[in-house]
Amino acid sequence: MRYNAALERDFRFINLDQRGSGLSYHPFAPGEVVTIDSMVEDVHQFVLQLLGAYGQDSLILVGHSWGSVLGLEMVKRYPWLVRCYIGLGQVVSMRAALRLRRYWGQQSLGSRLGAIVSKESGAADVVLMLDELLSRGGVAMLFGSLGRIMTYLRSPCYNWSRLLNHVKGVAQSRARLDTELEQVDFSGQTSFGAPVYFISGKYDRHLPGSLVERFADGLKSAHGFIRFDRSGHCPQWDEPERFAATVKALCV
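Whatever position you read off the sequence shown (first residue = 1), add 2 for the numbering used here.
Structure below.
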């Protein structure tokens, strides 16, 4: 929690590495069920265990990027377990996001790179991340991103072997889930049983904030949309002080 350490004075943070990823890495078995539904159920069971362990009836849930699919699905399916939800780089309609990415890519990067960013892939992530960093401040931001990787390596929880497992976990999850992810669409949802808040970075090329803002504006239940003007796809790390203040304002 180096980048959001200030929040630990007011909240107990518990990070979930999804099945087969991060510190939970294991090679998926050929017949292992790995779907969005199975991942949401993993989160559900984990939440139930946490609430039981800490004697609570609900918690604050935060989801980022792909994790925002699982987070918003949790709010849809089990709203009574969620005090409020905060989506960072929220997925609303993946198809709509990919269309915008293709248009932007062709206009800004040319047809070849535009075709790459119009689909979910590791190559697309690299192109989008580099553009975000350069748009936000060039080489200085690029070195800042490398600093995040060094933070992993200095952590007592990670080493080179575990960092390699992190990469392997991402690769095997993408192989199982990217096709299903491209079908995700929350745009028809008009209300949730718990308050939902969305934070988008101005320079987020992965999941454009315009889609999230339009979605939030159409909700009839408690909601909010906040744009971070100096952030890309990771506002919680790009503007940690503002993120901490925003979470406290929403949740305390």
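Here a beta-carbon is modelled for each residue, glycine too, at the ideal position from N, C-alpha and C.
Buried or exposed by the 16-neighbour rule on C-beta atoms within 10 Å, applied to residue i
i       : result
Leu-136 : exposed
Asp-12  : exposed
Glu-34  : exposed
Tyr-87  : buried
Ala-246 : buried
Ser-110 : exposed
Phe-48  : exposed
Asp-19  : exposed
Asp-39  : exposed
Asp-255 : Past the boundaries of the shown model lies residue 255; the chain is included only from 3 to 254, so the question cannot be answered.
Gly-22  : buried
Trp-286 : Residue numbering for the chain in the displayed model covers 3 to 254; residue 286 lies beyond these limits and cannot be assessed.
Three-way DSSP call (helix, strand, coil) for residue i in this model
i       : result
Ile-16  : coil
Cys-253 : helix
Asp-206 : coil
Asp-231 : coil
Asp-59  : coil
Val-214 : helix
Gly-112 : coil
Phe-188 : coil
Gly-91  : coil
Gly-226 : strand
Gly-73  : helix
Phe-200 : strand
Arg-85  : strand
Val-64  : strand
Phe-245 : helix
Arg-176 : helix
Val-36  : coil
Glu-182 : helix
Phe-194 : coil
Gly-220 : coil
Distance cut-off 7 Å: residue i Cβ against heavy atoms of the ligand COA
i      : result
Ala-98 : The model on display carries no ligand, and the ligand COA is accordingly not part of it.
Assumed close pair residue i, residue j - CB separation to whole angstroms, cut-off 8 Å
i       : j       : result
Ser-123 : Val-84  : Incorrect: roughly 31 Å between the Cβ atoms, too far for contact.
His-235 : Glu-134 : 6 Å
Gly-24  : Gly-171 : 6 Å
Ser-233 : Tyr-199 : Ser-233 to Tyr-199, Cβ: 15 Å. No contact.
Beta-carbon gap between residue i and residue j smaller than 8 Å
i       : j       : result
Val-64  : Gly-54  : no
Arg-104 : Asp-187 : no
Leu-90  : Pro-210 : no
Val-42  : Ser-70  : no
Gln-185 : Lys-78  : no
Gln-298 : Asn-6   : No statement about residue 298 is possible, as the shown extent of the chain runs from 3 to 254 and does not include it.
- Cβ pair count under 8 Å reaching 3, the stretch 215-232 against the stretch 114-130: No, because fewer than three Cβ pairs between the stretch 215-232 and the stretch 114-130 fall closer than 8 Å, the two stretches do not touch.
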